[in-house]
Amino acid sequence: MPAPAFPTPPQPVSAETRLAYVLRHFRLAYENVPDISIGYAYHQPQLQIAESAGEFFNDTNPYPAAPNMREWLGQSVPFFFDAAPHKPLLELLPSGRPTINADVISGAFYLLSGWQEYYSEERDQHGRFPYADSVQQQYGFVTMPVVNYYFDVLKTAIEHIVDYSLQPRTWPNGAKWAAFITHDIDNLYSAWKASAKAAFQRRDWPGLARQLWQHFTQKDAWDNLEEVKQTVASYGAKSTFLFLPEHRKAANGTPNADYKIREADRSISLLINAGIEVGLHAPYRTNENEPFGSDLGWESEKVTGKQTGFGLRYHYLRWEPRLMPDMLYLVNFAYDSTLGFAEHFGFRNSYCLPFYPFNFQRGEACNFLEIPLNVMDATLHHPRYLQLTPQEILPALTPMLQEIERFGGVCTLLWHNENFDPANENTGPRQFAEIMEYLRSRAVAFVNGSDILGAISKQKSTSA
2 MPAPAFPTPP QPVSAETRLA YVLRHFRLAY ENVPDISIGY AYHQPQLQIA ESAGEFFNDT
62 NPYPAAPNMR EWLGQSVPFF FDAAPHKPLL ELLPSGRPTI NADVISGAFY LLSGWQEYYS
122 EERDQHGRFP YADSVQQQYG FVTMPVVNYY FDVLKTAIEH IVDYSLQPRT WPNGAKWAAF
182 ITHDIDNLYS AWKASAKAAF QRRDWPGLAR QLWQHFTQKD AWDNLEEVKQ TVASYGAKST
242 FLFLPEHRKA ANGTPNADYK IREADRSISL LINAGIEVGL HAPYRTNENE PFGSDLGWES
302 EKVTGKQTGF GLRYHYLRWE PRLMPDMLYL VNFAYDSTLG FAEHFGFRNS YCLPFYPFNF
362 QRGEACNFLE IPLNVMDATL HHPRYLQLTP QEILPALTPM LQEIERFGGV CTLLWHNENF
422 DPANENTGPR QFAEIMEYLR SRAVAFVNGS DILGAISKQK STSA
């Protein structure tokens with residue numbers, strides 16, 4: 002599926018725009034950033050960055066030259082727009098002012114803004130930018146939050162100037178990092194179908210009859226939202242439930258919910274009355290001429306009872322950067338949590354903190370917060386994705402989790418309610434428990450979207 006045409010010509014992205022966008026996020030990442038000048042040589046700043054992007058951001062090429070690998074914090078880190086790899090990454094000028102000899106501003110903007118997927122024509126069958134076409138896959142750094150490493154270089158340079166340490170932002174109760182546990186509610190009443198189908202294929206007529214009897218006389222195994230809530234609470238944690246308001250299939254036959262939203266009204270009310278955060282799982286559209294839709298407020302009201310201030314994630318992680326930032330401009334929602342690769346866990350924008358996506362049509366940051374998705378249960382074992390064994394899951398995730406903890410970030414985990422079914426032995430309750438036990442053992446702050454918004458808002462006021 003090709004990318005849609007540009008709805009309007011993108012605005013030029015000047016060096017000043019890139020600098021302002023990146024430094025805004027840098028100041029949100031640390032709690033005590035001093036008011037010093039940072040920029041390129043012609044700015045005559047206190048902290049000088051080597052400008053090495055040339056004409057790249059005046060063109061539409063999705064991919065820059067290959068990065069140079071440099072050592073930082075004991076890791077081999079890819080630095081894009083690095084025109085002087087023979088020079089030290091960080092050095093002092095004769096005046097005593099530090100200089101960063103790789104263009105970390107342009108590199109951070111390239112990754113954080115999603116430049117590659119905006120200008121790439123590649124899309125998969127669901128209209129998503131494919132992981133296979135990303136620089137993260139090409140250069141092997143999907144589980145490294147590269148922008149956070151660039152920020153650490155900036156932080157170290159600033160500390161040379163002010164002679165005190167900058168502290169990473171903290172989370173509720175002084176925790177060094179946070180975990181955002183989410184559940185997309187795609188299915189509530191379909192658990193019986195797989196067992197019945199298997200019995201039919203085996204010609205196991207008594208087994209088929211038993212499955213049908215259980216279906217008509219007992220609660221479905223996936224109608225388990227109370228059990229999911231209790232399981233999460235047993236770890237001293239909280240989570241967010243996102244409901245699909247559409248049960249009709251998409252125009253291309255892709256399924257939406259297996260329930261009508263009114264059938265879930267009682268479950269939603271019980272969650273809200275218990276203080277659980279509920280959000281919108283924006284559906285795969287039934288009208289092929291309206292692939293992402295503009296009815297989010299109305300759909301949210303059907304789910305949450307409110308048209309503003311809601312959180313959302315798109316079904317199938319569908320995100321079209323050429324359409325959605327501008328389409329969402331007038332939608333008064335609180336946050337999105339769609340931006341993760343379906344094919345691999347890690348960092349789609351190479352950053353482990355919430356951020357404001359870039360609106361290329363307007364040439365500025367979006368007015369909504371993105372809480373990027375790091376791990377989806379389906380990614381771990383789906384036959385089209387990683388196919389990890391149950392024993393491989395936590396060891397595979399641990400290095401990524403360590404990176405998030407190192408930089409004081411947020412780990413966003415998506416675990417569908419149907420995967421709390423004990424019948425799932427691959428990405429089921431046991432694997433969820435192993436991840437939660439790890440997070441709890443590392444003193445993470447379990448937060449919901451509202452907590453994250455509050456923490457970011459507080460940080461904005463103190464860094465203003």
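In short: position in the sequence shown from 1, add 1, done, that's the numbering used here. Glycine included, C-beta positions come from ideal geometry on N, C-alpha and C.
Boundaries for residue 284: no alpha helix (DSSP H) harbours it, and the DSSP string shows neither H nor E there.
For residue 270, the three-state secondary structure derived from DSSP is helix.
With fewer than 16 other beta carbons inside 10 angstroms of its own, residue 163 counts as exposed.
Under the criterion of beta carbons closer than 8 Å, residue 302 and residue 283 do not qualify as touching, at roughly 13 Å. The region 307-388 contains, as complete alpha helix (DSSP H) runs of 4+ residues, the segments 325-328 and 378-382 (chain order). In the assembly as shown, residue 121 is a buried residue. Its beta-carbon has 16 or more other beta-carbons within 10 Å.
If you check the CB distance, residue 453 and residue 181 come in under 8 Å. Taking all protein chains shown into account, residue 339 has 16 or more neighbouring C-beta atoms within 10 Å of its C-beta and is therefore buried.
Bounds of the alpha helix (DSSP H) holding residue 153 are 147-163.
DSSP, reduced to helix, strand and coil, places residue 226 within a helical segment of the structure shown.
Comparing C-alpha distances from residue 92 to each of 158, 367 and 248 shows the shortest one belongs to 158.
The beta carbon of residue 388 sits closer than 8 Å to those of 382, all from its chain and outside the five residues before and after it, given in chain order. In terms of CA proximity to residue 336, 370 leads the group 316, 370, 8 and 309.
For a cut-off of 8 Å, the C-beta gap from residue 108 to residue 80 is around 6 Å, short enough to register as a contact. Judged by their CB atoms, residue 73 and residue 48 are not nearer to each other than the 8 Å cut-off.
Assigned with DSSP and collapsed to three states, residue 78 falls in strand. Closest by C-alpha distance to residue 364, out of 18, 407, 6 and 103, is 18. Here DSSP, grouped into helix, strand and coil, assigns residue 257 to coil.
Here the region 9-27 lies against the region 109-118, with 3 or more beta-carbon pairs under 8 Å apart.
Less than 8 Å separates the beta-carbon of residue 406 from that of residue 178.
DSSP places residue 92 inside the beta strand (DSSP E), whose first and last residues are 91-93.
Here residue 309 is exposed. Its C-beta has fewer than 16 other C-beta atoms within 10 Å. Contact between residue 305 and residue 378 fails: their C-beta atoms lie close to 23 Å from each other, not under 8 Å.
Here residue 418 is near residue 229, since their CB atoms are less than 8 Å apart. For residue 417, there is no enclosing alpha helix (DSSP H), as DSSP marks it with neither H nor E. Take residue 222, set aside five residues on each side of it, and the residues of its chain with a beta-carbon closer than 6 Å to its own are 192 and 422, in chain order. Per the DSSP secondary-structure output, residue 183 pairs in a beta bridge with 241 and 415. In the DSSP annotation of this structure, the continuous segment of the alpha helix (DSSP H) that includes residue 401 starts and ends at 391-407. The three-state reading of DSSP puts residue 441 in helix, counting H, G and I together. Secondary-structure assignment with DSSP links residue 40 through a beta bridge to 49. Exposure of residue 87 is indicated by the presence of fewer than 16 other C-beta atoms within 10 angstroms of its C-beta.
For residue 28, no beta strand (DSSP E) encloses it; the enclosing alpha helix (DSSP H) starts and ends at 16-30.
In chain order, 113 and 356 place their CB closer than 7 Å to the CB of residue 26, counting only its own chain and leaving out the 5 sequence neighbours on each side. The continuous alpha helix (DSSP H) containing residue 116 extends over residues 116-120.
The continuous beta strand (DSSP E) containing residue 73 extends over residues 69-73.
In the assembly as shown, residue 220 is an exposed residue. Its beta-carbon has fewer than 16 other beta-carbons within 10 Å.
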